[in-house]
Ligand code: PAF
């Protein structure tokens, strides 16, 4: 695995690969890797000749009161995991390399960026869209791999790719969960053992709602109430949002059909976690 720090070198090596007729898969990350990230790498390796991963804790996507300074940084451990799983290129730019003094361009996906997580985290998706646009331009991958856990991010990035006619296929991989149902997240390390137990309520609420949908309930207001009731039974959870939406527009649905996105965000102590399902019946 080759480790690269500069944009110029990353561009040169990626262009060389594609000139030689190799397809390039790309997994952008902020590090603190877990099995969810590794599943994206495996998906990339199964589809593309070569796989590039970036590790960059992107300051643009953190609000002033968020966890930028304490976000887990575990570069050497991450590099070992990526080496073991067979990554070809690891791109680890510095903040100055990505955003040199005087950089003035931001990418905004109007409308979508202000919904759900975007409403709770103003500016977050502008930061995500900006860094992903830059990374795509540096790597120019054939396919880029993202986790369904960040469902709103997936919606925003799909729209970004299609609006800007980007020559990249966005591949979305399923949520990877711990054995007890907790969705894997780099932020799970912030949880105390007690909060980690409390956080299981997110998956429980989504599963309860899916069961009701399986039993024929399709009224979004009723299903939402069922899910929110489960969350309300856990005093350690502070709900941010619970929503049933169209996964393309992120607008609320009235009648829940297969494919509807049920997304939830809640705080456990100071840690904000997200989870979601796509309704299957
Ligand atoms: O999902 C993430 O880890 C980040 O939002 C991403 C896509 C790497 C952009 O910084």
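In the numbering used here, the protein residues as written are 6 to 286.
The C-beta atom is built at its ideal place from N, Cα and C for all residues, glycine as well.
This structure is a prediction, so every number in the text was calculated from the model and none was measured.
Item                                                                                                                                                                        : Value
Is any heavy atom of the ligand PAF found at a distance shorter than 7 angstroms from the C-beta of residue 34?                                                             : yes
Residue 92 and residue 58 look like a contact to me (Cβ under 8 angstroms); what is the Cβ gap, rounded to whole Å?                                                         : 5 angstroms
For residue 61, which beta-bridge partners are listed by DSSP?                                                                                                              : According to DSSP, which records beta bridges pairwise, residue 61 is partnered with nothing at all.
Could you check if residue 131 belongs to the surroundings of the ligand PAF, using beta carbon to heavy atom distance under 7 angstroms?                                   : no
Quick check: the stretch 203-214 against the stretch 228-240, are there 3 or more CB pairs under 8 angstroms?                                                               : yes
Give me whichever residues DSSP pairs with residue 69 in a beta bridge.                                                                                                     : BP columns for residue 69 are empty, so no partner.
According to DSSP, is residue 174 part of a helix, a strand, or is it coil?                                                                                                 : strand
Just list the residues that DSSP pairs residue 33 with in beta bridges.                                                                                                     : 59
Determine the closest residue to residue 155 out of 229, 140, 122, with distance taken between C-alpha atoms.                                                               : 122
Nearer than 7 angstroms: is that true of the beta carbon of residue 159 relative to any heavy atom of the ligand PAF?                                                       : no
Just the C-alpha distance for residue 145 and residue 20, rounded to the nearest angstrom, thanks.                                                                          : 8 angstroms
Express the C-alpha separation of residue 152 and residue 81 in angstroms, rounding to a whole number.                                                                      : 23 angstroms
Am I right that residue 186 and residue 210 are in contact with their C-beta atoms under 8 angstroms? What's the rounded C-beta distance?                                   : Going by Cβ atoms, the distance from residue 186 to residue 210 rounds to 11 angstroms, so no, they are not a contact pair.
Over what stretch of residues does the beta strand (DSSP E) that includes residue 148 continue unbroken?                                                                    : 148-152
For residue 38, which residues of its own chain have a beta-carbon under 6 angstroms away from its beta-carbon, when the five flanking residues on both sides are left out? : 83, 86
Tell me which same chain residues have a C-beta within less than 8 angstroms of the C-beta of residue 104, skipping the five on either side of it?                          : 64, 65
Quick one: any contact between the stretch 106-116 and the stretch 132-139, if contact means 3 or more CB pairs under 8 angstroms?                                          : yes
Using only the heavy atoms of the ligand PAF, determine whether one of them is closer than 7 angstroms to the beta carbon of residue 63.                                    : yes
For the ligand PAF, is there any heavy atom lying closer than 7 angstroms to the beta carbon of residue 21?                                                                 : no
Report yes if the CB atom of residue 133 is closer than 8 angstroms to the CB atom of residue 161, and no otherwise.                                                        : yes
Whole angstroms is fine: what's the gap from residue 51's alpha carbon to residue 26's?                                                                                     : 17 angstroms
Under 7 angstroms: does the beta carbon of residue 153 sit that close to some heavy atom of the ligand PAF?                                                                 : no
CB-CB under 8 angstroms to residue 158, same chain, minus the five flanking residues each way: which ones, in chain order?                                                  : 122, 130, 133, 151
Would you identify the three-state DSSP class for residue 213, choosing helix, strand or coil?                                                                              : helix
Cβ atoms of residue 216 and residue 95: under 8 angstroms apart, would you say?                                                                                             : no
Quick check: residue 190 and residue 266, are their CB atoms within less than 8 angstroms of each other?                                                                    : no
Assign residue 263 to buried or exposed, taking buried as 16 or more other Cβ atoms, counted over all protein chains shown, within 10 Å of its Cβ.                          : exposed
In angstroms with no decimal places, state the Cα-to-Cα distance between residue 253 and residue 272.                                                                       : 25 angstroms
Just checking residue 233 against the ligand PAF - is the residue's beta carbon closer than 7 angstroms to any of the ligand's heavy atoms?                                 : no
Any heavy atom of the ligand PAF closer than 7 angstroms to the CB of residue 66?                                                                                           : yes
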